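> What follows is a structure written as C-alpha coordinates; I'll ask about it next.
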Amino acid sequence: MRYRMALGCVVSAAMLMTGCTQPSEGIKPVAAPSTTTADMPMTAGTSAPQSVPTTTKAPAPPPLVVTPDKIESVLGSRADIGKILGTTLEFDQNRSSPPTDAVTGPPDCTNLDHPRAAQLGSEWTTYRWNYYRETKDQTSYIVGQVAVLYPTREEAAAAFAQAYPAAAFKTCQGAELTVLDQHWKISSLAQTSPTSATWAQLQTTESSPWHCFFDFRTKNNVLFGGYLCQYGDGVPGVTTITDRIAAWIPQ
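FYI, the numbering for the sequence shown is -23 to -1, 1 to 228, going by mature numbering (1 follows the signal peptide of the UniProt record, and there is no 0).
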(Lines of atoms letter the chains of each structure in order from A and count residues from 1; the text may use other names and numbers.)
(Lines give C-alpha, C1' and ligand atoms only; values in the text may rest on other atoms or scores of the structure.)
Protein backbone atom coordinates (compact mmCIF):
# COMPACT_ATOMS: atom_id res chain seq x y z
CA MET A 1 0.00 0.00 0.00
CA ARG A 2 2.86 2.36 0.71
CA TYR A 3 5.97 1.00 -1.07
CA ARG A 4 8.87 3.35 -0.77
CA MET A 5 10.37 2.38 -4.16
CA ALA A 6 7.21 1.68 -6.13
CA LEU A 7 3.75 3.16 -6.14
CA GLY A 8 1.37 1.03 -4.19
CA CYS A 9 -1.46 2.59 -2.17
CA VAL A 10 -4.39 4.81 -2.37
CA VAL A 11 -5.44 7.32 0.22
CA SER A 12 -5.76 11.19 1.16
CA ALA A 13 -7.44 14.55 0.11
CA ALA A 14 -7.64 18.76 -0.17
CA MET A 15 -10.22 21.55 1.21
CA LEU A 16 -11.04 25.29 2.30
CA MET A 17 -13.71 27.03 4.26
CA THR A 18 -16.36 29.31 2.88
CA GLY A 19 -17.72 32.29 4.67
CA CYS A 20 -21.34 33.28 5.08
CA THR A 21 -22.90 36.64 4.40
CA GLN A 22 -25.58 38.19 6.52
CA PRO A 23 -28.93 37.46 4.83
CA SER A 24 -30.78 40.56 3.73
CA GLU A 25 -33.61 39.25 1.55
CA GLY A 26 -37.00 40.28 2.80
CA ILE A 27 -35.69 43.15 4.91
CA LYS A 28 -37.20 46.34 3.58
CA PRO A 29 -35.79 49.67 4.80
CA VAL A 30 -38.37 51.65 6.72
CA ALA A 31 -38.58 55.28 5.72
CA ALA A 32 -38.25 57.85 8.47
CA PRO A 33 -41.66 59.34 9.34
CA SER A 34 -42.31 62.74 7.85
CA THR A 35 -43.69 65.55 9.91
CA THR A 36 -46.50 67.61 8.42
CA THR A 37 -48.67 70.37 9.73
CA ALA A 38 -51.45 67.83 10.25
CA ASP A 39 -49.17 65.80 12.47
CA MET A 40 -48.34 68.70 14.73
CA PRO A 41 -50.31 68.89 17.95
CA MET A 42 -52.79 71.76 18.18
CA THR A 43 -51.52 72.59 21.61
CA ALA A 44 -48.11 71.67 22.90
CA GLY A 45 -48.24 68.76 25.29
CA THR A 46 -51.82 67.73 24.50
CA SER A 47 -51.08 65.01 21.90
CA ALA A 48 -49.17 61.71 22.29
CA PRO A 49 -45.88 61.55 20.36
CA GLN A 50 -45.86 59.59 17.11
CA SER A 51 -44.84 55.93 17.59
CA VAL A 52 -41.41 54.92 16.27
CA PRO A 53 -41.69 52.22 13.59
CA THR A 54 -39.82 48.98 14.23
CA THR A 55 -37.52 47.28 11.73
CA THR A 56 -37.37 43.59 10.86
CA LYS A 57 -34.49 41.78 12.59
CA ALA A 58 -32.28 39.79 10.23
CA PRO A 59 -32.04 36.06 10.97
CA ALA A 60 -28.75 34.77 12.33
CA PRO A 61 -26.38 33.49 9.64
CA PRO A 62 -25.92 29.73 9.36
CA PRO A 63 -22.77 28.23 10.94
CA LEU A 64 -19.62 28.23 8.86
CA VAL A 65 -18.77 24.81 7.46
CA VAL A 66 -16.46 23.45 4.77
CA THR A 67 -18.51 22.97 1.60
CA PRO A 68 -17.84 20.41 -1.16
CA ASP A 69 -16.51 23.04 -3.56
CA LYS A 70 -13.79 23.97 -1.05
CA ILE A 71 -12.59 20.53 0.02
CA GLU A 72 -9.63 20.50 -2.36
CA SER A 73 -8.42 23.82 -1.01
CA VAL A 74 -7.96 22.66 2.57
CA LEU A 75 -5.42 20.00 1.58
CA GLY A 76 -1.84 21.04 0.96
CA SER A 77 -0.56 21.12 -2.61
CA ARG A 78 2.57 19.25 -3.75
CA ALA A 79 4.50 22.51 -3.52
CA ASP A 80 3.19 23.27 -0.02
CA ILE A 81 4.01 19.82 1.33
CA GLY A 82 7.37 19.76 -0.46
CA LYS A 83 8.37 22.94 1.37
CA ILE A 84 7.44 21.37 4.70
CA LEU A 85 9.61 18.32 3.97
CA GLY A 86 12.41 20.17 2.19
CA THR A 87 12.04 18.20 -1.03
CA THR A 88 10.31 18.28 -4.42
CA LEU A 89 7.25 16.09 -4.87
CA GLU A 90 6.71 15.50 -8.57
CA PHE A 91 4.19 12.64 -8.56
CA ASP A 92 0.61 12.70 -7.30
CA GLN A 93 -2.61 10.74 -7.32
CA ASN A 94 -6.04 11.54 -5.94
CA ARG A 95 -9.43 9.99 -5.55
CA SER A 96 -12.93 11.09 -4.58
CA SER A 97 -14.29 7.88 -3.05
CA PRO A 98 -12.92 6.02 -0.03
CA PRO A 99 -10.99 2.78 -0.58
CA THR A 100 -12.66 -0.55 0.06
CA ASP A 101 -9.62 -2.85 0.26
CA ALA A 102 -9.40 -4.82 3.49
CA VAL A 103 -6.87 -4.42 6.27
CA THR A 104 -6.34 -7.74 8.04
CA GLY A 105 -5.20 -8.23 11.61
CA PRO A 106 -6.72 -8.22 15.11
CA PRO A 107 -10.33 -6.98 14.76
CA ASP A 108 -9.86 -4.10 17.20
CA CYS A 109 -6.77 -2.87 15.33
CA THR A 110 -7.61 -2.98 11.62
CA ASN A 111 -8.95 0.58 11.70
CA LEU A 112 -5.45 1.91 12.40
CA ASP A 113 -4.72 2.92 8.84
CA HIS A 114 -6.13 5.66 6.65
CA PRO A 115 -9.94 5.29 6.81
CA ARG A 116 -11.75 2.80 4.58
CA ALA A 117 -15.33 3.14 3.40
CA ALA A 118 -16.69 0.89 6.14
CA GLN A 119 -15.21 3.16 8.82
CA LEU A 120 -16.74 6.38 7.54
CA GLY A 121 -20.44 5.53 7.85
CA SER A 122 -23.09 6.53 5.33
CA GLU A 123 -23.57 10.21 6.22
CA TRP A 124 -20.47 11.64 4.53
CA THR A 125 -21.08 13.90 1.54
CA THR A 126 -17.64 14.48 0.00
CA TYR A 127 -14.36 12.57 0.15
CA ARG A 128 -10.92 13.55 -1.07
CA TRP A 129 -7.56 11.78 -0.88
CA ASN A 130 -4.30 13.23 -2.20
CA TYR A 131 -1.11 11.17 -2.49
CA TYR A 132 2.36 12.59 -3.20
CA ARG A 133 5.82 11.12 -3.91
CA GLU A 134 9.11 12.54 -5.12
CA THR A 135 8.88 10.44 -8.29
CA LYS A 136 6.65 7.61 -9.44
CA ASP A 137 9.35 4.97 -9.13
CA GLN A 138 11.56 6.16 -6.26
CA THR A 139 11.00 8.34 -3.24
CA SER A 140 12.25 9.08 0.25
CA TYR A 141 8.82 10.36 1.30
CA ILE A 142 5.24 9.28 0.75
CA VAL A 143 2.52 11.71 1.81
CA GLY A 144 -1.21 11.11 2.06
CA GLN A 145 -3.90 13.62 3.01
CA VAL A 146 -7.57 12.77 3.59
CA ALA A 147 -10.60 15.00 4.08
CA VAL A 148 -14.18 13.77 4.51
CA LEU A 149 -17.12 16.17 4.78
CA TYR A 150 -20.30 15.56 6.78
CA PRO A 151 -23.46 17.68 6.95
CA THR A 152 -22.81 18.72 10.56
CA ARG A 153 -20.02 18.78 13.13
CA GLU A 154 -21.95 16.28 15.23
CA GLU A 155 -21.99 13.74 12.41
CA ALA A 156 -18.28 14.27 11.77
CA ALA A 157 -17.50 13.70 15.46
CA ALA A 158 -19.59 10.52 15.51
CA ALA A 159 -17.84 9.24 12.39
CA PHE A 160 -14.43 9.88 13.95
CA ALA A 161 -15.39 7.92 17.06
CA GLN A 162 -16.46 5.04 14.82
CA ALA A 163 -13.42 5.21 12.57
CA TYR A 164 -10.91 5.32 15.42
CA PRO A 165 -12.51 3.78 18.53
CA ALA A 166 -10.86 4.39 21.87
CA ALA A 167 -10.46 0.65 22.49
CA ALA A 168 -7.94 0.37 19.65
CA PHE A 169 -5.54 2.72 21.43
CA LYS A 170 -5.57 0.58 24.55
CA THR A 171 -4.92 -2.85 23.03
CA CYS A 172 -3.16 -2.52 19.68
CA GLN A 173 0.44 -1.67 20.57
CA GLY A 174 2.58 -4.15 18.59
CA ALA A 175 -0.37 -5.51 16.58
CA GLU A 176 0.50 -6.81 13.12
CA LEU A 177 -1.51 -5.72 10.09
CA THR A 178 -1.52 -6.74 6.44
CA VAL A 179 -2.43 -4.12 3.85
CA LEU A 180 -2.63 -5.58 0.36
CA ASP A 181 0.61 -7.61 0.25
CA GLN A 182 2.54 -5.52 2.78
CA HIS A 183 3.11 -6.37 6.43
CA TRP A 184 3.14 -3.75 9.17
CA LYS A 185 3.34 -3.55 12.95
CA ILE A 186 1.83 -0.83 15.13
CA SER A 187 4.95 0.68 16.67
CA SER A 188 3.36 3.54 18.62
CA LEU A 189 -0.10 4.94 19.19
CA ALA A 190 -1.90 7.57 21.23
CA GLN A 191 -5.43 8.91 21.32
CA THR A 192 -4.67 12.41 22.46
CA SER A 193 -8.33 13.47 22.73
CA PRO A 194 -11.80 12.41 21.52
CA THR A 195 -11.13 14.48 18.40
CA SER A 196 -7.57 13.42 17.51
CA ALA A 197 -5.40 10.33 17.31
CA THR A 198 -1.83 9.54 16.27
CA TRP A 199 -0.03 6.28 15.62
CA ALA A 200 2.79 4.78 13.58
CA GLN A 201 3.30 1.62 11.55
CA LEU A 202 6.62 -0.11 10.92
CA GLN A 203 6.98 -2.12 7.71
CA THR A 204 8.24 -5.47 8.95
CA THR A 205 9.50 -6.80 5.61
CA GLU A 206 12.12 -4.07 5.27
CA SER A 207 15.64 -4.40 6.64
CA SER A 208 15.72 -0.65 7.33
CA PRO A 209 13.12 1.06 9.55
CA TRP A 210 10.55 2.38 7.07
CA HIS A 211 7.66 3.89 9.05
CA CYS A 212 4.34 5.50 8.24
CA PHE A 213 3.19 8.11 10.75
CA PHE A 214 -0.53 8.95 11.03
CA ASP A 215 -2.31 11.99 12.48
CA PHE A 216 -6.11 12.04 12.15
CA ARG A 217 -8.57 14.50 13.68
CA THR A 218 -12.06 15.96 13.46
CA LYS A 219 -12.96 19.64 13.42
CA ASN A 220 -16.24 21.30 12.51
CA ASN A 221 -17.91 19.13 9.83
CA VAL A 222 -14.67 17.49 8.65
CA LEU A 223 -12.89 14.23 9.46
CA PHE A 224 -9.36 14.74 8.19
CA GLY A 225 -5.77 13.72 8.57
CA GLY A 226 -2.42 13.01 7.05
CA TYR A 227 0.17 10.28 6.95
CA LEU A 228 3.86 10.46 6.15
CA CYS A 229 6.04 7.48 5.30
CA GLN A 230 9.81 7.83 5.55
CA TYR A 231 12.98 6.60 7.21
CA GLY A 232 13.57 8.14 10.61
CA ASP A 233 11.20 10.24 12.69
CA GLY A 234 8.24 11.51 10.70
CA VAL A 235 6.24 12.87 13.64
CA PRO A 236 7.27 16.54 13.17
CA GLY A 237 6.48 16.38 9.47
CA VAL A 238 3.06 14.72 9.72
CA THR A 239 2.08 17.00 12.61
CA THR A 240 2.90 20.08 10.53
CA ILE A 241 1.01 18.72 7.52
CA THR A 242 -2.10 17.98 9.60
CA ASP A 243 -1.88 21.28 11.48
CA ARG A 244 -1.92 23.02 8.11
CA ILE A 245 -5.17 21.27 7.15
CA ALA A 246 -6.72 22.13 10.52
CA ALA A 247 -5.82 25.80 10.12
CA TRP A 248 -8.00 26.03 7.00
CA ILE A 249 -11.09 24.62 8.71
CA PRO A 250 -13.30 27.11 10.60
CA GLN A 251 -14.15 26.49 14.23
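By construction, the Cβ of each residue, glycine as well, lies at the ideal position given by its N, Cα and C atoms.
Bear in mind the structure is a predicted one, so any value in this text is a computation, not a measurement.
1. Among the residues of its own chain, which have a CB less than 7 angstroms from the CB of Phe137, if the five just before and after it don't count?
2. In angstroms with no decimal places, state the Cα-to-Cα distance between Tyr104 and Leu126.
3. Assuming Ala140 and Leu52 form a contact by the criterion Cβ under 8 angstroms, report the distance between their Cβ atoms to the nearest whole angstrom.
4. Of the choices Arg110, Ala79, Ala145, whose alpha-carbon is the least far from that of Leu166?
5. Classify Asp192: buried if its beta carbon has 16 or more other beta carbons within 10 angstroms, exposed otherwise.
6. From what residue to what residue does the alpha helix (DSSP H) around Ser50 run?
7. Do you know how far the Cα of Ser54 is from the Cα of residue 264?
8. Taking the Cβ atom as the reference point for each residue, do Val80 and Leu205 lie within a distance shorter than 9 angstroms?
9. If you drop the 5 nearest sequence neighbours on each side, which residues of the same chain put their C-beta closer than 7 angstroms to that of Gly151?
10. Would you say Pro186 and Gly209 are within 9 angstroms of each other, going by their C-beta atoms?
11. When DSSP labels each residue in this structure, what does Ala174 get in the three-state scheme?
Working from what's here:
1. To locate residue 137, count along the sequence shown from 1; it is residue 160. Cβ within range, chain order: Thr172, Thr195, Leu200.
2. In the sequence shown, residue 104 corresponds to position 127, counting from 1. In the sequence shown, residue 126 corresponds to position 149, counting from 1. Straight-line Cα distance between these residues: approximately 6 angstroms.
3. Locating residue 140 in the sequence shown gives position 163, where the first residue counts as 1. Locating residue 52 in the sequence shown gives position 75, where the first residue counts as 1. Contact doesn't hold; Cβ gap of about 18 angstroms is too wide.
4. Translated into the one-based positions of the sequence shown, residue 166 becomes position 189. Comparing Cα-Cα distances from Leu166 to each of Arg110, Ala79, Ala145, the minimum goes to Ala145.
5. In the sequence shown, residue 192 corresponds to position 215, counting from 1. Answer is buried; the Cβ neighbour count reaches 16.
6. The residue you call residue 50 lines up with position 73 of the sequence shown. Counting along the chain, the alpha helix (DSSP H) containing Ser50 begins and ends at 48 to 51.
7. This structure does not reach residue 264, given that the chain is present from -23 up to 228, and the question cannot be answered.
8. Translated into the one-based positions of the sequence shown, residue 80 becomes position 103. Translated into the one-based positions of the sequence shown, residue 205 becomes position 228. Not closer than 9 angstroms, so no.
9. Within the sequence shown, residue 151 is the residue found at index 174, counting from 1. Taken in chain order, the residues that qualify are Lys162, Ile163.
10. Position 209 of the sequence shown, counted from the first residue, corresponds to residue 186. Position 232 of the sequence shown, counted from the first residue, corresponds to residue 209. Cβ atoms of Pro186 and Gly209: closer than 9 angstroms.
11. Position 197 of the sequence shown, counting from 1, holds the residue named residue 174. DSSP, reduced to helix, strand and coil, places Ala174 within a strand of the structure shown.
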